[in-house]
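First comes the structure, then the notes that go with it.
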């Protein structure tokens, strides 16, 4: 792979995970499927509008699956794909690094 392709790939990756809230959403989903309201309540200061936007982006990138459970009332859960789980593991390492090196 040539350098231009590598940088293009890295650039897309960092653009995606660098968006505000994206990493936290993935990190929360590492603990298993969650409903929209659960994700919203776990992450402080995250607006419903922004959560909706980020979930759509993550779904478009194949990182999250939106799973509709046909019950009454209908339930929707979000879960990580294999791709999302692999990314979540990497974000876990970043979290470990942040806890060691970044001060409040």
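Numbering (full-length UniProt numbering), first residue to last: 1 to 104. Here a beta-carbon is modelled for each residue, glycine too, at the ideal position from N, C-alpha and C.
Just list the residues that DSSP pairs residue 77 with in beta bridges. The partner list for residue 77 (beta bridge, DSSP) reads 35 and 67.
Going by the CB atoms, is the gap between residue 23 and residue 79 shorter than 7 Å? The answer is no: Cβ separation not under 7 Å.
Cβ contact check for the region 5-23 and the region 50-64: 3 or more pairs under 8 Å: A contact is defined here as three or more CB-CB pairs under 8 Å, and the region 5-23 meets this definition with respect to the region 50-64.
Using CA atoms only, rank isn't needed, just tell me which of 98, 84 and 50 is closest to residue 64. Of the listed residues, the one whose Cα sits closest to residue 64 is 84.
Reduced DSSP secondary structure (H/G/I, E/B, other) of residue 62: Here residue 62 sits in coil by DSSP.
Contacting residues, own chain, Cβ-Cβ under 7 Å from residue 34 (five flanking each side not counted): Excluding sequence neighbours, residue 34 sits near 28, 77 and 78.
DSSP state of residue 88 mapped onto helix, strand, coil: Residue 88: helix per DSSP, three-state reduction.
Quick check: what's the CA-CA separation for residue 71 versus residue 5? Going by C-alpha positions, residue 71 is about 46 Å away from residue 5.
Would you identify the three-state DSSP class for residue 46, choosing helix, strand or coil? In the three-state reduction of the DSSP assignment, residue 46 falls in the coil class, being assigned neither a helical nor a strand state.
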